[in-house]
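Participant: 644 is the number of the first residue of the sequence shown in the numbering used here; add one for each residue after it.
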Amino acid sequence: MVHGGRIEAGVFLLGLLKHYSEDYARLTVVAEALASYPTPSTVDALAGELRRVKGSSATRAYLRRIITTFERFPPAIVAAPIQELASDPLVGTRFRQHLREIMLRDNYE
């Protein structure tokens, strides 16, 4: 529905991030769907998730999906947050490295 332009569906998806805060399989699906809702609010919510969720075997797919979602967003809304996250100690080391690679590849610096 979000892909079809239904903005209310995007807002609903953002709410699901809070509702299913510990169900990482569902959150992975939500993060994938949010790729069709490229707004600053989505970027803020997903950046918060990268800071909140600690990396583990249970959360790795979810955290990777968030980064993949960022890669699909326009640089105008993700460049600054990616730069911040790439140096944020709350984000896992491997994920910070991946964010740095995105910055270099897409010339965000």
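Beta carbons: idealized from backbone N, C-alpha and C, even for Gly.
Every value quoted in this text rests on a predicted model; they were computed, and no experiment measured them.
Assign K697 to one of three DSSP states: helix, strand, or coil.
Facilitator: Reading the sequence shown from its first residue, position 54 is the one you call residue 697. Coil at K697, not helix or strand.
Participant: By the three-class DSSP mapping on this structure, what secondary structure does V672 have?
Facilitator: On the sequence shown, position 29 is the one that residue 672 refers to. Of the three classes helix, strand and coil, the one that applies to V672 here is helix, per DSSP.
Participant: Can we say the region 736-751 touches the region 705-718, given the rule of at least three CB pairs closer than 8 Å?
Facilitator: As far as the Cβ criterion goes, the region 736-751 touches the region 705-718, which means the pair count is three or higher.
Participant: Output the boundary residues of the alpha helix (DSSP H) element that contains L747.
Facilitator: Residue 747 sits at position 104 when you count from the first residue of the sequence shown. It spans T736 to R748 - the alpha helix (DSSP H) in which L747 sits, taken as one unbroken run.
Participant: Would you call the CB atoms of P683 and R715 closer than 9 Å?
Facilitator: The residue labelled residue 683 in the question sits at position 40 within the sequence shown. The residue labelled residue 715 in the question sits at position 72 within the sequence shown. No.
Participant: Straight-line CA distance for G658 to R748?
Facilitator: Taking the first residue of the sequence shown as position 1, residue 658 is located at position 15. Taking the first residue of the sequence shown as position 1, residue 748 is located at position 105. So the alpha carbons of these two residues sit roughly 32 Å apart.
Participant: Taking its Cβ as the centre, do 16 or more other Cβ atoms sit within 10 Å of T685, making it buried, or is it exposed?
Facilitator: Walking along the sequence shown from the start, residue 685 turns up at place 42. That one is buried.
Participant: Starting from the C-beta of T702, find all residues in its chain whose C-beta is less than 8 Å away, skip the five residues before and the five after it, and write them out in chain order.
Facilitator: The residue you call residue 702 lines up with position 59 of the sequence shown. Cβ neighbours of T702 beyond the five flanking positions: Y667 and V696.
Participant: Excluding the five sequence neighbours on either side, which residues of its own chain have a C-beta within less than 7 Å of the C-beta of E692, listed in chain order?
Facilitator: Numbered from 1 along the sequence shown, position 49 holds the residue referred to as residue 692. Excluding sequence neighbours, E692 sits near L660 and I709.
Participant: Please tell me whether R694 and V734 are closer than 9 Å, where the distance is taken between their beta carbons.
Facilitator: Here residue 694 refers to the residue found at position 51 of the sequence shown. Here residue 734 refers to the residue found at position 91 of the sequence shown. Against a cut-off of 9 Å, the Cβ pair of V734 and R694 comes out as a contact.
Participant: Quick check on the burial criterion: 16 or more other C-beta atoms within 10 angstroms. Buried or exposed for T712?
Facilitator: Residue 712 sits at position 69 when you count from the first residue of the sequence shown. When all chains shown are included, T712 counts as buried.
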